[in-house]
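S.K.: Under this note's numbering, the letters of the sequence shown match residues 3 to 86, in that order.
Where a beta carbon is used, it is the ideal one built from N, C-alpha and C, also for glycine.
Please find one structure pasted underneath; my questions will follow.
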Amino acid sequence: MASQYFDASTQTGLDGFEYFYDEAAQAPYLYNRTTREFITFDKPRSVESKGRYVLEHRLGGLFSREIDADNGDLVDAMNRGLAR
3 MASQYFDAST
13 QTGLDGFEYF
23 YDEAAQAPYL
33 YNRTTREFIT
43 FDKPRSVESK
53 GRYVLEHRLG
63 GLFSREIDAD
73 NGDLVDAMNR
83 GLAR
């Protein structure tokens, strides 16, 4: 869904959405000030960060609900984040 509102090549929002990256949460999001809509999604940077979090906190692993639209970037980021 985020791909409808985000241009990955320019790292900008579309249709009134602005792109942000929350450093504390290590997560990207889009926000439309006019409609007050908020969309969260993952990018390789945030997925890799989640993998590191899993290792640092000795958790069981990562889960991805849907990866059929992934070109391999997110799965690769999972592997990098979980690498020891």
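1) Which residue comes first and which comes last in the beta strand (DSSP E) that contains A29?
2) Using DSSP's beta-bridge definition, name the partner residues of F40.
3) Tell whether a beta-carbon distance below 8 Å holds between V49 and L84.
4) Would a C-beta distance cut-off of 8 Å place P30 and F43 closer than the cut-off?
5) Could you tell me which uninterrupted alpha helix (DSSP H) segments, each at least 4 residues in length, are contained entirely in the stretch 42 to 79, listed from first to last along the chain?
6) Expressed to the nearest angstrom, what Euclidean distance is found between the alpha-carbon atoms of N81 and R54?
7) Where does the unbroken beta strand (DSSP E) through E25 begin, and where does it stop?
M.R.: The structure says:
1) For the purposes of this step, residue 29 is identified with residue 27 of the sequence shown, where counting begins at 1. 29 to 34 is the span of the beta strand (DSSP E), which, as asked, contains A29.
2) Within the sequence shown, the letter at position 38 stands for residue 40. Partner(s): Y33.
3) Looking up residue 49 in the sequence shown gives position 47. Looking up residue 84 in the sequence shown gives position 82. No, these two residues do not count as a Cβ contact at 8 Å.
4) As a working note, residue 30 is residue 28 in the sequence shown. As a working note, residue 43 is residue 41 in the sequence shown. Contact flag set, yes.
5) 46 to 58
6) Taking the first residue of the sequence shown as position 1, residue 81 is located at position 79. Taking the first residue of the sequence shown as position 1, residue 54 is located at position 52. Each residue's alpha carbon lies about 10 Å from the other.
7) Looking up residue 25 in the sequence shown gives position 23. Going by DSSP, E25 is part of no beta strand (DSSP E) at all; its letter is neither H nor E.
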